[in-house]
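Participant: What follows is a single structure, and I will ask about it in a moment.
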Ligand SMILES: Cc1ncc(COP(=O)(O)O)c(C=O)c1O
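Residue numbers (the UniProt record's numbering): 1 to 467.
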């Protein structure tokens, strides 16, 4: 197929091939039989074996004629514009354990896996998990447990009938985009913001409108000028990724007012605000919404472990059924045994206990990270302590964030420049540092490697001829 043998070309004999490849002749005969059966080669008695002349013009042999730009990676994928702030490819990012400083990674070692496995096993053995045709919105017991948990912990107005269980926040965004928007609808997105959400929205056909943010959150006035007829806004009011900004109350009310006046939806992504280190986080925007505009999106994948794949949507009552049936159409469901085990895990208090424990651990890790950056690096890096969430933002002085990110990859550091989260804005020179999955020892050693990386970059910069 790659044109190495032209159609009509004679192939070496099975004996010659076996000799030159150092394999048994029967293996070559078998391969030739298979190729002949599939029509790639022809045997001519007394003459030999030939590449089938009929393949001419059908791709075989013709590949080389393609212009060099026919690189499959450059084919325009319909709607799908893969966006990520990671400096590495997807497969590198997900190979093995997360790299140092990858944002939003929980410490999976500290999750009570034994207890979880017992709960899972209990439900995996129960016939109810095998045979029931699943409720489109998710297992009732889980929706009840989630409703109680969200009301208490996030001030969300949640009754089980308005909850739809999905595999995570990204799937929830994707589901909402498909079910609530028409192709071409404008959607406001904070800029800089979460690239994967923009991808999910665009993949569903929405037109992503990047909107600037300031220290109060999304700039609603600017958004109204940019896309006055937007049908939705995707926001992270409790802890904006990547800036860490918490949306101020006035801005929350302004956004809610805009949505109600324009019959628009607010997709509230509340992905990591359980981890608050000072006092209670601001309650969810959804709790302030008395006009049913907010679709609240949450995930257990950051609290527990990323492989769990369990998240949820709390929808306005009027659209809960529509979202559930869209989820059925898209066949979005989480195995019943996992849902049942999660219901027990939440209602027996283990989730709340785990959150409390991790809050203590992550708070200490953030303090250690900031101390170590100061002690080992000093003025070249200035982290902003953040009272919520799983990452800090650190401003760099003297070296560009992109250069440090590129140098970091080779040393096992996943340093994400702030600019990687931006669409049209020009954010400052800073990197996002995830620390929650790093033990204290790993934090110290990762900062040591970062210090070395920065020192090397400074040395290289000082040796560059000035222009
Ligand atoms: C802002 C934001 N939302 C959602 C998610 C994804 O959550 P899930 O794994 O449940 O899809 C992430 C993941 O890092 C995130 O940063």
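For each residue, glycine too, the CB sits at the ideal point set by N, CA and C.
(1) Select from 48, 199, 389 the residue whose C-alpha is nearest the C-alpha of residue 422.
(2) Rounded to whole angstroms, what is the Cα-Cα separation between residue 65 and residue 21?
(3) Kindly list the residues whose CB is nearer than 6 Å to the CB of residue 206, restricted to its own chain and excluding five residues on each side of it in sequence; keep chain order.
(4) I want to know whether the stretch 443 to 458 touches the stretch 119 to 127 - three or more CB-CB distances under 8 Å.
(5) Leaving aside the five residues before and after residue 308 along the sequence, list all residues of the same chain whose C-beta is less than 7 Å from its C-beta, in chain order.
(6) So what does DSSP say about residue 15, is it helix, strand or coil?
(7) Using the DSSP secondary-structure output, state which residues sit across from residue 186 in a beta bridge.
(8) Can you give me the Cβ contacts of residue 13 inside the same chain, cut-off strictly under 6 Å, excluding the 5 residues immediately before and after it?
(9) From the DSSP output, which residues share a beta bridge with residue 48?
(10) Roughly how many angstroms separate the alpha carbons of residue 288 and residue 157, rounded to a whole number?
(11) Within the continuous beta strand (DSSP E) that includes residue 299, where are the two ends?
(12) Under the three-state reduction of DSSP, which class applies to residue 452: helix, strand or coil?
(13) Measure the beta-carbon distance from residue 145 to residue 343 and round it to whole angstroms, keeping in mind my assumption that it falls under 8 Å.
(14) Taking residue 164 as the reference, which of 32, 24, 147, 402 has the closest Cα?
(15) So within the stretch 106 to 158, which uninterrupted alpha helix (DSSP H) runs reach at least 4 residues, ignoring any that extend past its ends?
(16) Out of 215, 174, 168, state which residue places its alpha-carbon closest to the alpha-carbon of residue 190.
(17) Name all residues in chain order for which at least one heavy atom of ligand 1 lies closer than 5 Å to the residue's CB.
(18) Is residue 269 helix, strand or coil by DSSP?
(19) Drop a sphere of 10 angstroms on the beta-carbon of residue 353, count the other beta-carbons inside from all chains shown, and report buried for 16 or more, exposed for fewer.
(20) Should residue 526 go down as buried or exposed, given a rule of 16 or more other Cβ atoms within 10 Å for buried?
(21) Over the uninterrupted alpha helix (DSSP H) stretch that includes residue 220, give me the two end residues.
(22) Provide the residue span of the beta strand (DSSP E) that contains residue 381, from first to last.
(23) Threshold first: 3 residues or longer. Then list the beta strand (DSSP E) segments lying entirely within the stretch 330 to 397, N to C.
(24) Tell me the DSSP secondary structure of residue 328 in three-state form.
(25) Quick one, which of 316, 268, 172, 402 has its alpha-carbon nearest residue 415's?
(26) Excluding the 5 residues flanking residue 183 on each side, which residues of the same chain have their C-beta closer than 7 Å to its C-beta?
(27) Would you call residue 74 buried or exposed, if buried means 16 or more other Cβ atoms sit within 10 Å of its Cβ?
(28) Could you work out which residue in 26, 28, 7 is closest to residue 50 when comparing CA atoms only?
(29) If you draw a straight line from the C-alpha of residue 408 to the C-alpha of residue 378, how long is it?
(30) Between the alpha carbons of residue 358 and residue 275, how many angstroms are there, rounded?
(31) Shortest alpha-carbon distance to residue 253 belongs to which of 411, 373, 266, 370?
(32) From this set, 25, 138, 47, which residue's C-alpha is nearest residue 334's C-alpha?
(33) Could you say which of 42, 328, 30, 99 lies nearest to residue 9 if we only look at CA atoms?
(34) Bridge partners of residue 276, per DSSP?
Facilitator: The short version:
(1) Within the chain shown, residue 422 is the residue found at index 422, counting from 1. Considering only alpha carbons, the answer is 199.
(2) Along the chain shown, one-based indexing puts residue 65 at 65. Along the chain shown, one-based indexing puts residue 21 at 21. Residue placement at residue 65 cannot be trusted, given a pLDDT of 43 that sits under 50; the coordinates are not used to answer.
(3) Working through the chain shown from its first residue, we reach residue 206 at position 206. Short of 6 Å from the beta carbon of residue 206, and not among the five residues preceding or following it, lie these beta carbons of its own chain, in chain order: 177, 181, 185, 187.
(4) Segments in contact, no.
(5) Looking up residue 308 in the chain shown gives position 308. These residues qualify, in order along the chain: 300, 301.
(6) By 1-based counting over the chain shown, the position of residue 15 is 15. Correct three-state label for residue 15: helix.
(7) Along the chain shown, read from residue 1 onward, the residue named residue 186 stands at position 186. Paired residues: 207.
(8) Position 13 of the chain shown, counted from the first residue, corresponds to residue 13. Excluding residues within five positions, none has a Cβ falling inside 6 Å.
(9) The residue given as residue 48 occupies position 48 in the chain shown. Under DSSP, residue 48 takes part in a beta bridge, and its partners are 44.
(10) Numbered from 1 along the chain shown, position 288 holds the residue referred to as residue 288. Numbered from 1 along the chain shown, position 157 holds the residue referred to as residue 157. Rounded to whole angstroms, residue 288 and residue 157 show a C-alpha spacing of 9 Å.
(11) Along the chain shown, one-based indexing puts residue 299 at 299. Segment 294 to 299, the beta strand (DSSP E) holding residue 299.
(12) As a working mapping, residue 452 is identified with position 452 in the chain shown. Residue 452 carries a helical assignment under DSSP once its states are collapsed to helix, strand and coil.
(13) Within the chain shown, residue 145 is the residue found at index 145, counting from 1. Within the chain shown, residue 343 is the residue found at index 343, counting from 1. Indeed they touch by this definition, with Cβ atoms about 5 Å apart.
(14) Against the chain shown, residue 164 aligns to sequence position 164. The shortest C-alpha to C-alpha distance from residue 164 to any of 32, 24, 147, 402 is the one to 147.
(15) Taking only runs of at least 4 residues, the alpha helix (DSSP H) segments lying wholly in the stretch 106 to 158 are 113 to 124, 127 to 131, 140 to 154.
(16) Along the chain shown, one-based indexing puts residue 190 at 190. With distances taken between Cα atoms, residue 190 lies closest to 215.
(17) Qualifying residues, in the order they occur: 104, 168, 169, 170, 194, 241, 269, 271, 299, 301, 311.
(18) On the chain shown, residue 269 is found 269 positions in, with the first residue counted as 1. When secondary structure is reduced to three states using DSSP, residue 269 falls in the strand class.
(19) Stepping through the chain shown from its first residue, residue 353 is reached at position 353. Counting the other CB atoms within 10 Å of its CB gives residue 353 a total below 16, which places it among the exposed residues.
(20) Nothing can be reported for residue 526: it is not among the residues displayed for the chain, which extend from 1 to 467.
(21) Along the chain shown, read from residue 1 onward, the residue named residue 220 stands at position 220. Run containing residue 220: 220 to 226, per the alpha helix (DSSP H) assignment.
(22) In the chain shown, counting from the first residue as 1, residue 381 sits at position 381. First-last of the beta strand (DSSP E) with residue 381: 381 to 384.
(23) Considered as a whole, the stretch 330 to 397 harbours 381 to 384, 391 to 396 as its complete beta strand (DSSP E) runs of no fewer than 3 residues, in chain order.
(24) Translated into positions along the chain shown, residue 328 becomes position 328. DSSP places residue 328 in helix when its eight states are reduced to three.
(25) Taking the chain shown and counting its residues from 1, one reaches residue 415 at position 415. Nearest C-alpha to residue 415: 402.
(26) Along the chain shown, read from residue 1 onward, the residue named residue 183 stands at position 183. Answer for residue 183: 205, listed in chain order.
(27) Working through the chain shown from its first residue, we reach residue 74 at position 74. At residue 74, the pLDDT of 48 sits below 50, so the modelled position is not reliable; the number obtained from the coordinates is stated separately. In this structure residue 74 is exposed. Its beta-carbon is surrounded by fewer than 16 other beta-carbon atoms within 10 angstroms.
(28) Reading the chain shown from its first residue, position 50 is the one you call residue 50. Each of 26, 28, 7 was checked against the Cα of residue 50, and the nearest Cα belongs to 7.
(29) Translated into the one-based positions of the chain shown, residue 408 becomes position 408. Translated into the one-based positions of the chain shown, residue 378 becomes position 378. Straight-line Cα distance between these residues: approximately 18 Å.
(30) Numbered from 1 along the chain shown, position 358 holds the residue referred to as residue 358. Numbered from 1 along the chain shown, position 275 holds the residue referred to as residue 275. Going by the C-alpha atoms only, they are around 8 Å apart.
(31) Here residue 253 refers to the residue found at position 253 when the chain shown is read from its first residue. Of the candidates 411, 373, 266, 370, 266 places its Cα closest to the Cα of residue 253.
(32) Here residue 334 is taken as the residue at index 334 of the chain shown, counted from 1. Here the closest residue by C-alpha is 138.
(33) Mapped onto the chain shown, residue 9 falls at position 9. Sorting 42, 328, 30, 99 by C-alpha distance to the C-alpha of residue 9 places 42 at the top.
(34) Here residue 276 refers to the residue found at position 276 when the chain shown is read from its first residue. In the DSSP secondary-structure assignment, residue 276 is bridged to 388.
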